[in-house]
Amino acid sequence: MNESERLNNVQKQRIHVLKSILQSLHEGASPESIQETFDEHFQGVSAIEISLMEHELIDSDDNDITFEDVMKLCNVHANLFKNRVTEPGEVSEFEKPGHPIHIMRTENQAMRAAVMRINRITKNLGQAPFEEGLLKGLSNQLDLLGQFDTHYKRKEEVWFPVMEKYGHDAPPKVMWGVDDQIRDLFKQVIRDLDNIKEVGKEGIQKSFESFAYEFNEMIFKEETILIPLVLEIFNEDDWWKIARDSEEYGYTIVRPETKWEPERVEFDTSGKSDHGTVGSESVGVISQSETSELPFGKGFLTLNEVAKILDLLPLELTFINKDNVFKYFNDSIPNEEKAFPRPASAIGREVKNCHPPKSLDMVLRLIDDLSSGKKDKESMWFPRKNGQFIHVTYVAVRDDDGSYMGILEYVQDIQPLRELRGMKRGLSES
Numbered sequence: 067m068n069e070s071e072r073l074n075n076v077q078k079q080r081i082h083v084l085k086s087i088l089q090s091l092h093e094g095a096s097p098e099s100i101q102e103t104f105d106e107h108f109q110g111v112s113a114i115e116i117s118l119m120e121h122e123l124i125d126s127d128d129n130d131i132t133f134e135d136v137m138k139l140c141n142v143h144a145n146l147f148k149n150r151v152t153e154p155g156e157v158s159e160f161e162k163p164g165h166p167i168h169i170m171r172t173e174n175q176a177m178r179a180a181v182m183r184i185n186r187i188t189k190n191l192g193q194a195p196f197e198e199g200l201l202k203g204l205s206n207q208l209d210l211l212g213q214f215d216t217h218y219k220r221k222e223e224v225w226f227p228v229m230e231k232y233g234h235d236a237p238p239k240v241m242w243g244v245d246d247q248i249r250d251l252f253k254q255v256i257r258d259l260d261n262i263k264e265v266g267k268e269g270i271q272k273s274f275e276s277f278a279y280e281f282n283e284m285i286f287k288e289e290t291i292l293i294p295l296v297l298e299i300f301n302e303d304d305w306w307k308i309a310r311d312s313e314e315y316g317y318t319i320v321r322p323e324t325k326w327e328p329e330r331v332e333f334d335t336s337g338k339s340d341h342g343t344v345g346s347e348s349v350g351v352i353s354q355s356e357t358s359e360l361p362f363g364k365g366f367l368t369l370n371e372v373a374k375i376l377d378l379l380p381l382e383l384t385f386i387n388k389d390n391v392f393k394y395f396n397d398s399i400p401n402e403e404k405a406f407p408r409p410a411s412a413i414g415r416e417v418k419n420c421h422p423p424k425s426l427d428m429v430l431r432l433i434d435d436l437s438s439g440k441k442d443k444e445s446m447w448f449p450r451k452n453g454q455f456i457h458v459t460y461v462a463v464r465d466d467d468g469s470y471m472g473i474l475e476y477v478q479d480i481q482p483l484r485e486l487r488g489m490k491r492g493l494s495e496s
C-alpha cells in the first residue's frame, strides 16, 4: 500500500468515526459522552479538515445527520483544540460569559431564533391584502435581525486582524466576501418588504429563503471552522484585546451581561499594535516629554496639547502612511455616532486588509490617484439610517518638497449643518 492509499484509508476511517459520533448526538447523546472517542481519532487534525468531513456527512443522502447535530459538536472541537482536560464542573475560559467566543455563540443563537420567527411570520402572511399586524411584526423582526451587520463588522475588523498576525489571511478574505454577499441578500429582503404589494407573499418568502440559507451557512462556518481555528492560535493577550476592541462596535440582539476578566492578570494593556513596526518606522515610545513644547505650524504645542486638540475636533481623523499602513486615528466621536469605528488593533495593519473585498479596488485606485499626484483630494457623502449625513474627505499629505507622506481621511456628520437657518451671532444660554 502506497502513502496515498494509506492516507485515503485513514480519511475514510475518520469519516466513519465522525459519522458514528454525530449519529450518537442526533440520537440524544451528550457532547461530554463522546469527547474521549473524538479526541482519540482527531488529535492533530485541523479544524478545517474536520469541518470538511462534517460538510461531507451533512450533504450525504445516506444519513439523517443535521446542521444542529454538528453544532452540538462545537464544544467537543474546542476542547480538543485547547488540548486540555476539563475537570467536572470546571468551565473553559472561552465558555465564560463576556468572552468573545461566548458572545459570538450567544449572538448566533439569538440570530437563528430571529430567522425562525421570520420564517413563521412569512408562512402565515396569507394573500393580499396583508394583515397590518403581521407586516409590522415582520418589519420589527427584520430590524432586529439586521443587527447581524454589527456581528459581522466586529468579526471582520477585530477578529480578522489577529488571524492575519498569525499568517491566516486567506480565510478572512473569503469569509468577508461572503459576508458582503449576505448583506446584499438581506437588502433584497428589505426591498421586497417595502414592495410587498407587488412581490407578494411568494416574493418575500423567496428572497428571505435565499438570505436565510447563506446566513445559516455562515453561522455554521463561524462555529465549525472559525472558532476552532482561532482557539488553536489565539493567546490570552489576543482575547483580551479582542474583548476590549469589541466595545467599539457594540453587540447584536443580546448584550453581554458581564465583562470577561481573564484568569491571568499580567498581560499587555498598552493597546499598541502587535505588528511591532509601521512600515519602516518603529512603533515605540516618543522620546520627547508630553509637556515639552514643540514647533507646530505657526506656534508651539506640547504633545499632550496636540493629543487633546485632535480628540476634540468634531471629525473622525485617520492617517495612513506612504507605505499604506494604518498609523493613527483620533477618538473624538462617541462610538455609537461614528461612521467608521476603528479598533486599536487596526494600527499597523496594511490598508488592503482593512477593507472588504468588494470595495478594495476603489480603495486602491483612490490611493494610487492621491499618491501619484493625479489628485490632491477626493470627497464622498451619503445619508445613514440613523439620520446622519456623512461627508468624507481624503487628502494627500505631502512634505515641503512635494514628496508623498500618506493620506489623511476626515469624516463629519454634516446633517446639523444642513439644518442651519438664518444666523446666530450671540452666545447660547448657559
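Start counting the sequence shown at 67; every next residue gets the next number (this note's numbering).
No residue lacks a Cβ here, since even glycine has one placed at the ideal position from N, Cα and C.
Being a predicted model, the structure only gives us computed values, none of them experimental.
Cα-Cα separation between residue i and residue j, rounded to whole angstroms
i	j	result
Glu197	Asn185	16 Å
Ile399	Glu382	7 Å
Leu139	Asp311	29 Å
Glu289	Ser126	20 Å
Met284	Lys364	54 Å
Asn149	Leu436	Low confidence applies to Asn149: its pLDDT is 49, below 50, so where it sits in the model is not reliable, and the reading given next is rough at best. Using only the alpha carbons, I get a separation of about 49 Å.
Arg249	Asp215	8 Å
Val76	Ile100	20 Å
Asn174	Ile187	20 Å
Phe286	Leu379	43 Å
Val372	Lys221	32 Å
Lys500	Tyr315	For residue 500 there is no data in the structure shown, the boundaries of the chain being 67 and 496.
Val151	Gly269	Annotation note: pLDDT 39 at Val151 (below 50); position unreliable, coordinate value reported separately. If you take the alpha carbons of Val151 and Gly269, they lie about 50 Å apart.
Val320	Glu495	40 Å
Phe108	Ile116	8 Å
Gly337	Asp397	Caution applies to Gly337, whose pLDDT of 49 falls short of 50 and renders its modelled position unreliable; the value that the coordinates give is listed next. The straight-line gap from Cα to Cα measures roughly 14 Å.
Leu210	Asn419	29 Å
Val351	Thr368	Residue placement at Val351 cannot be trusted, given a pLDDT of 46 that sits under 50; what the coordinates show is reported in the next sentence. Taking the straight line from one Cα to the other gives about 15 Å.
Gly453	Pro322	27 Å
Ile308	Glu302	10 Å
Gly164	Phe277	29 Å
His341	Thr384	Confidence is the limiting factor: at His341 the pLDDT is only 47, short of 50, which leaves the residue's position unreliable and the question unanswerable from this model.
Asp466	Gly472	13 Å
Ile169	Glu313	12 Å
Leu486	Lys451	20 Å
Lys490	Tyr317	40 Å
Asp377	Asn370	11 Å
Pro237	Ser96	31 Å
Val463	Gly492	36 Å
Lys239	Val391	18 Å
Ile413	Lys162	28 Å
Leu200	Phe252	19 Å
Lys393	Ile433	15 Å
Val429	Trp225	21 Å
Pro294	Ala176	20 Å
Supposed contact pair residue j and residue i - C-beta distance, whole angstroms, cut 8 Å
i	j	result
Phe406	Val477	6 Å
Ala194	Lys263	6 Å
Ser425	Pro227	Ser425 to Pro227, Cβ: 17 Å. No contact.
Gln79	Ile131	The pair is not a contact, with the Cβ atoms about 17 Å apart (cut-off 8 Å).
Glu280	Gln247	7 Å
Val160	Leu297	Per the sequence presented here, residue 160 reads as Phe, with Val not at that position. Between Leu297 and Phe160 the Cβ distance is about 7 Å, and since that is below 8 Å, they are a contact.
Ile456	Asp427	So it is not a contact: roughly 21 Å between Cβ atoms.
Val458	Ser469	Not confirmed; about 25 Å, so no contact.
Pro409	Trp242	About 15 Å; that fails the 8 Å criterion.
Nearest to residue i (by Cα), restricted to the options the options
i	options	result
Ile299	Gly269, Tyr232, Glu323, Glu444	Tyr232
Ser205	Arg484, Arg249, Leu259, Glu106	Leu259
Gln207	Met182, Ile131, Val265, Ile456	Met182
Leu474	Pro482, Asp442, Ile270	Asp442
Val417	Tyr315, Lys388, Lys221	Lys388
Asp235	Leu292, Lys253, Leu201	Leu292
Arg178	Lys404, Glu159, Gln213	Gln213
Lys325	Val372, Asp105, Pro166	Pro166
Arg484	Asn129, Arg464, Trp447	Trp447
Gly266	Ser158, Pro97, Gly192	Gly192
Glu230	Ile81, Glu444, Arg415, Tyr470	Arg415
Asp128	Pro322, Asn282, His82, Phe455	His82
Met119	Gln254, Asp465, Ser469, Lys85	Lys85
Tyr460	Met241, Glu329, Ile386, Glu313	Ile386
Arg171	Tyr218, Gly199, Leu200, Lys189	Tyr218
Glu403	Gln481, Phe362, Ser358	Gln481
Glu275	Val255, Arg491, Lys440	Val255
Within the segment 203-247, ranges of the alpha helix (DSSP H) (whole runs, at least 4 residues): Those alpha helix (DSSP H) runs which fall completely within the segment 203-247 and span 4+ residues are 214-220, 226-231.
Secondary structure, alpha helix (DSSP H): runs of 4+ residues fully inside the segment 444-494: As far as the segment 444-494 is concerned, its whole alpha helix (DSSP H) runs of at least 4 residues are 481-484.
Completely contained alpha helix (DSSP H) runs for the segment 285-337, where each covers 4 or more residues: With a minimum length of 4 residues, the continuous alpha helix (DSSP H) runs that stay inside the segment 285-337 are 293-299, 302-312.
Minimum length 3: unbroken beta strand (DSSP E) runs contained in the segment 357-420: 359-362, 365-368, 382-387, 392-395
Ordered list of alpha helix (DSSP H) runs contained in the segment 86-116, each at least 4 residues: 101-108
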